[in-house]
Amino acid sequence: MKYLKILYVQVLIGIALGVVVGWLFPAFHPTAKLISEAFINMIKMVIAPVIFFTIVHGVAGAGDMKKVGRVGLKSLIYFEAVTTLALIIGLVTANIVKPGAGVSYSQHADAKVTEISQQAADINWSEFFTHIIPSNVVDAFAKGDILQVLFFSILFAIGLKMMGDSGKGLLQTFEKINTVLFNVLKLVMKLSPIGAFGGMAYTIGKFGFASLALLGKLLLTFYITGFLFVFVVLYLICRFYK
């Protein structure tokens, strides 16, 4: 059947199978956790390289660097403004729906949440901006620090652009590598039904069917937030620039 070849249908089947396996074989949840973590690690594996080669190719391949700078500044302002609106919508929706209500946390998890909240409250902006500049590029890629990778990518692209015609060969090589990386990403995404299966089997096997209701509330929160963002924020932006 043709619809079985559609990726999101396969993901839904993986989720359903994960629920059944987690319910019938709860002892399987440690193995299921390994499956889901392996899939997530495969996605993380290609994020930093994809960002690097995409940014370098996009910036170095642009014609006029002044235009690139103006477009980049406008894009940054747009990104920050729209992201702020998305965060506001998400926070309001989450506080109304309360998807985390009824979740029981272990002492370790509760301590971790408290630690993260404290770090957010004590954020030092000078340290934040200093952190964007990597002291070790290899370490930035190894840790998957996106801001540091992005900063280095822009500097690398400007340096490549300054080479002029002598840098075109390297730029073409980067374009081919970028194509290869996106092909790798496509291969990884074909494994998403297995990742979804592992995630659901682990969740049901460890936390039981009660966790489904909580996941449902989380999914509802996500869709409400997405709906409001697309049909209110993005709609108004499109109307303004029409």
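Residue numbering for the sequence shown follows the numbering used here, beginning at 3 and increasing consecutively. C-beta atoms are modelled at their ideal positions from N, C-alpha and C, and glycine is treated no differently. Just so it is clear, the structure is predicted and the values come from calculations on it, not from any experiment.
Are the beta-carbon atoms of residue i and residue j separated by less than 7 Å?
| i | j | result |
| --- | --- | --- |
| ALA62 | LEU162 | yes |
| SER194 | VAL11 | no |
| LEU75 | VAL235 | no |
| VAL268 | ILE53 | Summary: the structure shown does not reach residue 268, with the chain confined to residues 3 through 244, and so no result is reported for it. |
| ILE57 | SER213 | no |
| VAL23 | ALA215 | no |
| PHE158 | ILE134 | no |
Quick one: measure Cβ to Cβ for residue i and residue j, integer angstroms, because I've assumed they're closer than 8 Å.
| i | j | result |
| --- | --- | --- |
| ILE206 | TRP25 | 6 Å |
| LYS188 | VAL99 | Rounded, the Cβ-Cβ distance is 34 Å, inconsistent with contact. |
| HIS59 | ASN180 | 6 Å |
| VAL94 | VAL186 | Wrong, their Cβ atoms sit about 38 Å apart, outside the cutoff. |
| PHE55 | LEU183 | 6 Å |
Going by DSSP in three states, residue i sits in which element: helix, strand or coil?
| i | result |
| --- | --- |
| PRO32 | helix |
| GLY102 | coil |
| ALA203 | helix |
| TYR80 | helix |
| ILE17 | helix |
| TYR243 | coil |
| SER137 | coil |
| ALA64 | coil |
| ASN97 | helix |
| LEU193 | coil |
| ASN185 | helix |
| GLY146 | coil |
| ASN126 | coil |
| GLY92 | helix |
| ILE226 | helix |
| GLY71 | helix |
| GLY210 | coil |
| MET165 | coil |
| ILE8 | coil |
| PHE54 | helix |
| PHE41 | helix |
| PHE27 | coil |
Quick one: using the 10 Å Cβ neighbour count with 16 as the cut-off for buried, is residue i buried or exposed?
| i | result |
| --- | --- |
| PHE176 | buried |
| PHE233 | exposed |
| ILE148 | exposed |
| SER128 | exposed |
| ALA142 | buried |
| SER168 | exposed |
| SER38 | buried |
| ALA103 | exposed |
| ALA40 | exposed |
| ALA29 | exposed |
| ALA34 | buried |
Using 7 Å as the limit for Cβ to Cβ distance, is residue i near chain D?
| i | result |
| --- | --- |
| ALA62 | You won't find chain D in this structure, because it holds only one protein chain. |
Is the segment 11-20 touching the segment 193-202 in the sense that three or more CB pairs, one from each, lie closer than 8 Å? yes
Can we say the segment 213-231 touches the segment 36-46, given the rule of at least three CB pairs closer than 8 Å? no
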